[in-house]
Amino acid sequence: MAAGSSGFKKTSFGYGSGGLQGFQVLLSLLVILLLGVSHCDACVFSVDLGHESLKVSLVKPGRTPIAIVSNEFSKRKSPALVGFSPQGDLLLGEDANAVITRFPERIFNRVMATVGIKHDSALLAKTLEQHRLPYKVVPDPNGRETAAFEMADGSVLIAEEILAQILKYADRIAEAQANSVCKDAVLIIPGYWGINQRLALLDAARLADITVLALVSDHASAALQYGIDKEFTNATQNVVFYDMGADSVKASYAHFSTFKTKELGKTKHNGQLEVKDLRYLDGIGGATLDMVLVEHFIKEFKEKHGKDISNVPRAVAKLKKACKKTKEILSANNDAPVSVEGLHDDIDFRSSIKRNAFVKLAGDFFEKAAAPLKELVDANGGTNDTAVTVVELIGGGTRVPELQSYLEKVFKGAKRETPVLGRHMDGDESVALGAALHAANMSTSFRMRKFGFSDTAMFEMQLTTDVEPVMKAPKKGEEATEAATTTGENEDGTWTKTVLPAFKRLPSRRFLTFPNVTVDAINMLMHYGRKASSLPTGVDASLANTSAFGGTDIARFDVSSIQNLTASTDKYNVTSLPKVSVTLQFDTSGMFFVEKAEASFDTEYIAKVRVPIIRNETVNATDAADANATDDNATDTTAEDDDVVAADADNATDVNATTDDNATDANATKAKKAKKPKKPKPPPIEYETVEKLKTRRMTVQLDVSNLYYTYPSLSQKQFGEAYKRLKDIDKREAAKKRREAAKNTLETFILSAGGKLADEEVELVSTEETREDVRAQLMDAEDWLYGDGDSVEADVYDAKQAELKNLTEPIMLRASELTARPEAMKKALAFVEETRTKLEKMPTLKPYLKPEEIKVATDELEAYEKYLADMDEKQNALKPTDELVLTSKMIYKRGQQLSKEMKLLNERKAPPPPPKPKADKKKKNATNVNATDANATEAEADSAESTESESEGGGEEKVEDGEPEAKEADGDAAADDADASSEKAGEKTTTHDGDELKRKRN
């Protein structure tokens, strides 16, 4: 199964001509601009998933383009917990953490330590024992040998499913903050993870419907966040990042410098980083110190009360929570209390501990924790300012003062001008923010400023083949490939070559060739270095060359059909053994895949070639010698390439023809001056076609077959089954949320309605008997809600609420109408009077309106006024407790037709003036200058009259309150003039009559 098939989006960085410039990543500190995408809500996110907690960073256009996501409880860090309640409800994050002391065997933590390794591995067994985890780990029922978790009901969930639930939770809170769909993400992994864990994480991401843009190591993300806002133009920096998490310690070495680019003709200096080294220690961290305190107080409880609680999951879970707080207090104080109510058998436990005692209990923990830093510094130039600019502390575990003292001892005696330990970054969030920058770059929706970035391959990878390979020189524009280390021929006749050295920057391409291949298939095995100083966590060095899951072997594949493809070219005569070329690619996520495999070989074939014919004719000795030389050259060229020969011959003919033409023109010119004899033309060259034996180099693509990883990724069937189980859980959770929402809505309605029954307005519009009946039914519904109706379906809650609304709504409506109806009536009557005034002024202000058009609005006004009077009289005749015949809503609705009629009248515009008569062209051409002047004078007069006419009757005035300036008589006269103008215009003039109003009304 290929790496790219596990929910992974394969990307390319463009392989340049060496240097970090070949791996430029475009990143931005302040402004992230959205490019031309199909939607404006584009977003990507990163997930920093640890053993105990997770942090999510969101990238979305806006005022704060990169931000840490807050969960539903407004916390920036969420517990990495998944669990199930006794009722089978899914519990995630804070919900799971809230019940972990009640149901510790139902809550799964440290899920990251269970994926990608065998269920019976020593590493997993140590994790379960060290942290006293009560849940049961079983083998995958599909026979994959991976870890799975047994539920309380006996069902089994594989580790990838549990991890997928955490990723779905991260996606959910990211989408909630972005208010849009977010499915593209960069996932942060420990730098010491191998291929197995990465494949398992990609399977989990696929189950969670997340598109993985890239996997990025935590130390590289932290380095990116550190360097993005700094300038390295004047001096380079070598920065060590020391990170203590819950269960691991890492020390990485990053080199910061600059590279130059040309933009708009100007030279710019851009920052860049390269991770040079990494040292780590898995299995110890901040949680180790928590367990030191837990073990201490378990002994103390046994001494005080004579009871051993080490195997009591609830008691241990309670003590873990308390000891975590105690450790945090000791970071700032010399002593700290611990208090747990009802720790076991209703016994309250209270104690305290001093910092010195805590350090003594920790034993050699701090010395071990500082060892990766010492190894890193010793291997990279020492402790001075040049070798190490600063040691940045990240991770929650670095807050312990005793640990900082041990880290400073590593640099004891070093001559330094600056303090070695620094806290210039947010220890908890810097990794997530750095990965978010990487996510923005990997997405196609954002444009970034330039910053060079490359991650590092932590472990050496080798390729063992049954045919001896050699390193192939890269083509122009491809990445330079240093010579690979060959261990020579193995005892079994295979060959091993290092294709990816340790700490090689990523991405990387490797080119191998196999000359003179005589077999039909080349068998290849990718594995970690046989003599490597370090291996990924969970890899057993004793399982070498076995292709067993959990060993050093990574993947097997074959490059096949070599001889078959050669034989398929039987129409050619193959004259050489094939040379096989294989291109391997290691991407930014540390995954590898075979980019291409091809075979090349020589073939001979018969080609038809055009050659000039040499004839024995008597010619000038010089011309003959030239012709022979030309023929010889043409023949030699033909031997090399027939097409080139033909082209040369044609060109020669063209040149001769051109020369002849030029000579003819020159002779003609000279003939006018002096008549000289013309030179005879050379005879034309004739050609013939002959057969010739030629050689051609052919290249064919080969099959890459039987590619499989030793890690047993989910098959298509297994993936489908796991995906269905997750979807079933999602459906149950959706139904649960809808049920809870409906229940809460019903509960709120019952309490609200019961309280309103005591309002004075309600008492005025209802009888005591009616109120008591409604109150009794509300109380019955409340009892049912907390009894038999505690866990019914959402539709039942909705039906119960609808039933209660039918009882209370008439009463509540009458109560609200006590004030709403008089207010609506007051506004309606004011609207009637205002409209009447406007209609009375309408003939004056809009004289082009016909009387029947205004009459439509007047009739509607009278009808509305009558409706208000009649309905108000009927309503006033009723008792306050009777059903309403008139409501404020009815008043407003009935007045909408009148508003519509008035809008139509107000929007009517005056008709355009009649068109001017066209001048007679013949008469115009026959006129003299005086006539033209006269016509011009008359035209000016006509224009003046037209302007005067428009000012009198053609203008439009907006209808407003108050008397218009024009008198009514003048308005009538203007209307008559407008009608007369319309009659003169005839059919060519568009008239604005009542038809348009009728159409709008209809």
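Taking full-length UniProt numbering, I'd label the letters of the sequence shown as residues 1 to 1002.
Think of the CB as a built atom: it goes at the ideal place given N, C-alpha and C, for glycine as much as any other residue.
If you're wondering where the values come from, they're calculated on a predicted model, not measured in any experiment.
Hey, could you find the ends of the alpha helix (DSSP H) residue 380 is sitting in? Annotation for residue 380: no alpha helix (DSSP H) segment contains it, and DSSP assigns it neither H nor E.
Distance between residue 285 and residue 203 (C-alpha atoms, nearest Å): Cα to Cα, the separation comes out at about 27 Å.
May I ask which residues mark the beginning and end of the alpha helix (DSSP H) holding residue 296? Annotation: the continuous alpha helix (DSSP H) that includes residue 296 extends over 286 to 305.
What does the alpha-carbon distance come out to for the pair residue 937 and residue 917? Since pLDDT at residue 937 reaches only 44, below the 50 mark, its modelled position is unreliable, and no value is offered.
Answer yes or no: do residue 583 and residue 697 have a C-beta to C-beta separation smaller than 9 Å? Not a contact, by the Cβ cut-off of 9 Å.
Can you tell me whether DSSP reads residue 536 as helix, strand or coil? Residue 536 carries a coil assignment under DSSP once its states are collapsed to helix, strand and coil.
Give a yes or no on contact between the segment 450 to 467 and the segment 261 to 272, applying the rule of three or more CB pairs nearer than 8 Å. By the C-beta criterion, the segment 450 to 467 is judged to be in contact with the segment 261 to 272, since at least 3 inter-stretch pairs fall below 8 Å.
With C-beta atoms as the reference, is residue 278 less than 9 Å away from residue 252? Yes. Within cutoff.
What is the residue span of the alpha helix (DSSP H) that residue 719 lies within? According to the DSSP assignment, residue 719 belongs to the alpha helix (DSSP H) that extends over 716 to 756.
Tell me the DSSP bridge mates of residue 335? Residue 335 is bridged by DSSP to 354.
Please indicate yes or no: does the CB of residue 750 lie closer than 8 Å to some heavy atom of the ligand FMN? Annotation note on the ligand FMN: not contained in the displayed structure, which lists no ligands.
By a C-beta neighbour count over all protein chains shown, 10 Å radius and 16 as the cutoff for buried, is residue 462 buried or exposed? It counts as buried.
In this structure, what does DSSP give as the bridge partners for residue 598? DSSP lists 581 and 701 as the bridge partner or partners of residue 598.
Given residue 227, which residues of its chain have a CB within under 6 Å of its CB, disregarding the five upstream and five downstream residues? Closer than 6 Å at the Cβ level, and outside the excluded window around residue 227, lie 256, 271 and 273.
Mind the definition here: the segment 390 to 404 touches the segment 421 to 440 only if three or more C-beta pairs lie below 8 Å; say whether that holds. Per the Cβ contact rule, the segment 390 to 404 is in contact with the segment 421 to 440 (3 or more Cβ pairs under 8 Å).
Just tell me which of 201, 195 and 179 has its CA closest to the CA of residue 186. Looking at the Cα atoms, 201 is the closest of the given residues.
Alpha carbon to alpha carbon, how far is residue 501 from residue 326? Give it in angstroms, no decimals. Cα atoms of residue 326 and residue 501: separation of roughly 45 Å, rounded to the nearest angstrom.
Under three-state DSSP, which class holds residue 431? For residue 431, the three-state secondary structure derived from DSSP is helix.
Quick one: grab the DSSP three-state call for residue 868. Per DSSP, reduced to three states, the secondary structure at residue 868 is helical.
Start and end of the alpha helix (DSSP H) containing residue 830? 794 to 845 is the extent of the alpha helix (DSSP H) around residue 830.
By DSSP, does residue 259 sit in helix, in strand, or in coil? DSSP places residue 259 within a strand segment (E or B) once states are collapsed to three.
Three-way DSSP call (helix, strand, coil) for residue 604 in this model: In the three-state reduction of the DSSP assignment, residue 604 falls in the strand class.
Length at least 4, wholly inside the segment 198 to 268: the alpha helix (DSSP H) runs in chain order: Taken in chain order, the unbroken stretches of alpha helix (DSSP H) that lie wholly in the segment 198 to 268 and span 4 residues or more are 218 to 227.
Identify, in the order they occur along the chain, each residue of the same chain with its Cβ nearer than 6 Å to the Cβ of residue 358, setting aside the five sequence neighbours on each side. Here the set comprises 330.
Ordered along the chain, which non-local residues of its own chain (more than five positions away) have a Cβ less than 8 Å from that of residue 343? Exclusion of the five residues before and after residue 343 leaves 301, 309, 315, 318, 319 and 349 as the residues of its chain whose Cβ lies within less than 8 Å of its Cβ.
Below 9 Å between beta carbons: does that hold for residue 1005 and residue 43? The structure shown does not extend to residue 1005, since the chain is modelled only from 1 through 1002, so no value can be given for it.
Are the Cβ atoms of residue 513 and residue 580 separated by less than 9 Å? Result yes, Cβ atoms of residue 513 and residue 580 sit closer than 9 Å.
Mind checking which residues open and close the alpha helix (DSSP H) that includes residue 97? Looking at the DSSP string, the run of the alpha helix (DSSP H) that includes residue 97 is 94 to 98.
How is residue 185 classed by DSSP in three states: helix, strand or coil? DSSP, read as helix, strand or coil, puts residue 185 in strand.
Do residue 83 and residue 99 have their C-beta atoms within less than 9 Å of each other? Cβ distance < 9 Å, so residue 83 and residue 99 count as in contact.
With a Cβ-Cβ cutoff of 9 Å, do residue 861 and residue 839 count as a contact? Contact flag set, yes.
Decide if residue 819 is buried, meaning its Cβ has at least 16 other Cβ atoms within 10 Å, or exposed. Label assigned to residue 819: exposed.
Verify the CB distance criterion: does residue 393 have a CB-CB separation below 9 Å to chain B? The chain labelled as chain B is not found in the depicted structure, where only one protein chain is given.
Residue 829 to residue 907 span [Cα, whole Å]: Taking the straight line from one Cα to the other gives about 24 Å.
Around the C-beta of residue 168, are 16 or more other C-beta atoms found within 10 angstroms, so that it is buried, or is it exposed? By the neighbour-count rule (16 or more Cβ atoms within 10 Å), residue 168 is buried.
My assumption, with CB atoms under 8 Å, is that residue 365 sits in contact with residue 288. Please give the rounded CB distance. Confirmed, Cβ separation roughly 6 Å.
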